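Those letters in the sequence shown? Residues 1406 to 2097, per my numbering, in order. Backbone N, C-alpha and C define an ideal beta-carbon position, used for all residues, glycine too. These numbers come from a predicted model, not from an experiment.
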Amino acid sequence: MIALPKTYVLVIREIVCKTHTKKAILPGSKTTLHSLIVGVFMMLPYIGNAQQSYLFSRNHPENLQEHSAIELKWFSKDIFNSEGFNIYRRTPGNASWKKLNPSPIIKKSGIPQNVLAQDDELTFFVEVANSPEDLEREPVLQLNLLLKSFESTPFADFLGIYWIDYDVQSGYSYEYRVTQLASGNEINIGTTSIVAGPYQKDASVEGVEVYQQRKIVEINWEQQPERFYAVNIYYQQEGGERIKANNEPVMLSMVPDSVGNLVYPNPMYKLGGLEEQTSYQVTLEGVDYFGATTELSDPITLTLDDVTPPDMPKGLEGVADTLEVKLQWENPKAPDLKGVNVLRSRFSEGPFEQVNKDLLGVDIQTYQEKLSIPGPYYYKIEALDHANNVSHSNRAFVDVQDVIPPNKPSGLTITSDTGRFVLQWKANIEPDLQGYLLFRTVDADTPGEYLLLTADPLDTNFFEQQLPENVKNEFYYYVVAVDTSFNRSPPSDFATAVLPDVTPPEQPFIEQITYTAEGVVVHWTSNVEPDLAGYHIYRSDSSQQNFIQVNQRLLPSYSFRYIDRSAEANEDYFYRLSAVDSTGNESNYSVPAFARNQVLEPVEASLELSLKTKKRKKINKLQWNELKVPVKGYIVYRGTTERSIKPISGIIKNQTEYTDHVKKGDAYFYQVRAYTPSGEVIYSQKHPFNTN
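The structure is reproduced here in structure tokens:
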């Protein structure tokens, strides 16, 4: 068998001509008496030294055991050859060829009417073949003629590229040769060998692969152009009728890949319109150059997965109350819906993260969460079916505002060294923390004299300040925490520091104050002087005077903490430490460290709100009782519903009333909240108001 070139053309005829005139095939014709819709992947040129002519042979399909015939069909570079072709035959072992045709085989003038009546397309193609000037202008017509000669023996015979040899005996081997006449010379087209006998279909298409890609079934096979030029594709459900997927035989053309190599497309065929969660069997058959089909390939069974996502959730809305967000939506009415997830992001385009730990049930259409950081948030609802297909709702925007300040910083300590102070404190844990403001003074009893050392909030929990070495002042520091909404915490307890003297041991540094059941534990950093003898620790209820030595004997030089078992709970103390060398020189005292073993008792207070309306002045005057417990201040809230109230005032200090301007027709709910130094909030009742 002669090998075919590696490039092919896909040509599909969708509408067969009904009327055939020469004018109808001319380009630009305004009068069309027939229609021919052709989709063409442009024919690629022959590659390198690839063969440009081909000869095929087969046993006639109507062969009997005692009567046999062999069919020949050939194709050359020129589909038409006016000088014709010759056919030769010989048997194996015979060196001489016998010419079979008495005269050159050329294109005939027509096809008998009874044959034309059996194929609606033949009349049109005969007319095209008899219009050489049109063929020169329209290469696509030549291409269609070639493909028609594949599938139609009468048309191949009309073109002069077909021969049937009846003078053969079953069981005998024959070799054929076809030549093309050109200017008195014979050019060999090809040779082929065949054993005469009953007709048998060619073997099935090999290498068939079938797999699912989303809603499409993709099919590949081993392309064998020496056996077939196209394939037919069939599919069927179990026990159902086999259905042909393609209207016309599927022909492939090689195309350049990313590096320029010619390859067949992948996949070779896409089959759509099949039902999910249904099993199908796919088979293929090849179509050879005589228009006959090969054996069917072995069926491949494929069960299509469910890849269709559920309908998207609708109507997602969200509202924020301080740091609490409430969502509601409508789930899709999908029978295979498994559940939904709530997704959240700080940005409109994501990335989104799942909020709920476990999948929410199909009946759940609301969700509520408490956020730790205020700001803009975007939410989506994700619907999942039992095949884990997902769909997403539209985004919902929620603006979460913050009016709650950070907690009071704690653990402020100072390490003094030659010419510098290093301040450290316990880092706050609020997720919306922006930083810290640091204040200093030389007079702890005059709050207004404190100087802001950091114009911008510090993003760390330590600070170093350089000072001249001869400065002897005692400095007082405190820290205020600031969040991203610029809410300020209460000031920390202040800490003091004095630069150390250079003669005695270095000033000790109290690292921290901790508390145990035994008492107050003072921790310090060990001094490193080689002649260090030990430490004295002092305690006072004031940071500047009346310190009393707590230890009865000098604490060993290797000690680094001391437990004050005489300290009482809920009392303010200040501790300081001195280092003593072996000659009795005592260092400067350490920076006093504040200690209070705080045992908080719950606040018991009731806040009552009253309202007086002055309609002419269009004002509401709100009043409330003064609490008997310490408070930082009050904030007035207002809203059109009890659940949507928001702050309308800043922190109100030293007074228990507030005036709100209203308009006719307004209706509100009011509430006052008191904030204690310990961070507790006391709420009044929600008072309704209506101007109507």
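Where residue i falls, given that 16 or more other Cβ within 10 Å makes a residue buried
i: Val-1600; result: exposed
i: Lys-2069; result: exposed
i: Pro-2082; result: exposed
i: Leu-1857; result: exposed
i: Ala-1984; result: buried
i: Thr-1708; result: exposed
i: Ile-1430; result: Unreliable placement is indicated for Ile-1430, whose pLDDT of 29 sits below 50; the coordinate value is still reported in the next sentence. Its Cβ being crowded by 16 or more others within 10 Å, Ile-1430 is buried.
i: Pro-1544; result: exposed
i: Thr-1820; result: buried
i: Ile-1786; result: buried
i: Lys-1478; result: buried
i: Val-1416; result: With a pLDDT of only 36 at Val-1416, under 50, the local geometry of the prediction cannot be trusted, and no value is derived from it.
i: Val-1660; result: exposed
i: Asn-1499; result: exposed
i: Gln-1628; result: buried
i: Val-1847; result: exposed
Boundaries of the alpha helix (DSSP H) in which residue i is found, first to last residue
i: Pro-1559; result: 1558-1564
i: Val-1520; result: 1518-1521
i: Leu-1527; result: 1527-1534
i: Arg-1542; result: 1537-1542
Test item: CB-CB of residue i and residue j under 8 Å
i: Pro-1810; j: Arg-1893; result: yes
i: Val-1803; j: Tyr-1784; result: yes
i: Asp-1570; j: Ala-1474; result: yes
i: Pro-2093; j: Ser-1995; result: no
i: Ala-1972; j: Asn-2002; result: yes
i: Ile-1918; j: Leu-1982; result: no
i: Gln-2028; j: Ile-2050; result: no
i: Tyr-1604; j: His-1472; result: no
i: Val-1636; j: Val-1610; result: yes
i: Gly-1744; j: Trp-1734; result: no
i: Leu-1540; j: Leu-1546; result: yes
Residue i versus residue j - alpha carbon distance
i: Asn-2095; j: Glu-1869; result: 57 Å
i: Ser-1440; j: Gly-1755; result: Unreliable positioning characterises Ser-1440 in this predicted model, as indicated by a pLDDT of 30, which lies under 50. A coordinate reading is not provided.
i: Asp-1864; j: Leu-1838; result: 9 Å
i: Thr-1597; j: Thr-1496; result: 12 Å
i: Leu-1564; j: Ile-1516; result: 10 Å
i: Ile-2087; j: Tyr-2042; result: 13 Å
i: Leu-1527; j: Pro-1670; result: 32 Å
i: Tyr-1459; j: Asp-1716; result: 57 Å
i: Ser-1962; j: Phe-1867; result: 28 Å
i: Asp-1693; j: Ile-1484; result: 18 Å
i: Val-1933; j: Gly-1840; result: 34 Å
i: Thr-1930; j: Tyr-1967; result: 12 Å
i: Phe-1555; j: Val-1668; result: 24 Å
i: Asn-1793; j: Val-1747; result: 16 Å
i: Met-1447; j: Arg-1542; result: At Met-1447, the pLDDT of 33 sits below 50, so the modelled position is not reliable and the matter cannot be decided from this model.
i: Val-1795; j: Ala-1739; result: 12 Å
i: Tyr-2063; j: Lys-2091; result: 15 Å
Boundaries of the beta strand (DSSP E) in which residue i is found, first to last residue
i: Thr-1353; result: Absent from the structure is residue 1353, since the part of the chain shown begins at 1406 and ends at 2097.
i: Phe-1899; result: Per DSSP, Phe-1899 belongs to no beta strand (DSSP E) and is neither H nor E.
i: Ala-2000; result: 1998-2001
i: Phe-1802; result: 1801-1805
i: Leu-1937; result: 1937-1945
i: Pro-1630; result: That residue, Pro-1630, is in no beta strand (DSSP E); it is neither H nor E in DSSP.
i: Arg-1966; result: 1966-1969
i: Thr-1846; result: 1838-1846
i: Trp-1929; result: 1925-1930
i: Asn-1491; result: 1490-1495
i: Trp-1568; result: 1567-1573
i: Val-1955; result: Neither: Val-1955 is in no beta strand (DSSP E) and is coded neither H nor E.
i: Ser-1821; result: 1815-1822
i: Gln-1871; result: 1867-1871
Bridge-paired residues (DSSP) for residue i
i: Asn-1746; result: Glu-1787
i: Gln-1642; result: Tyr-1685
i: Trp-2029; result: Leu-2014
i: Val-1668; result: Val-1660
i: Asn-1637; result: Glu-1690
i: Val-1600; result: Ser-1578
i: Asn-2095; result: Ala-2072
i: Trp-2098; result: The chain is shown from 1406 up to 2097; residue 2098 falls before or after that span and cannot be answered.
i: Ile-2057; result: Tyr-2039
i: Pro-1781; result: Asp-1804
i: Tyr-1772; result: Leu-1732
Short CB-CB distance (under 8 Å) between residue i and chain C
i: Phe-1695; result: No chain C appears in the structure shown, which is made up of a single protein chain.
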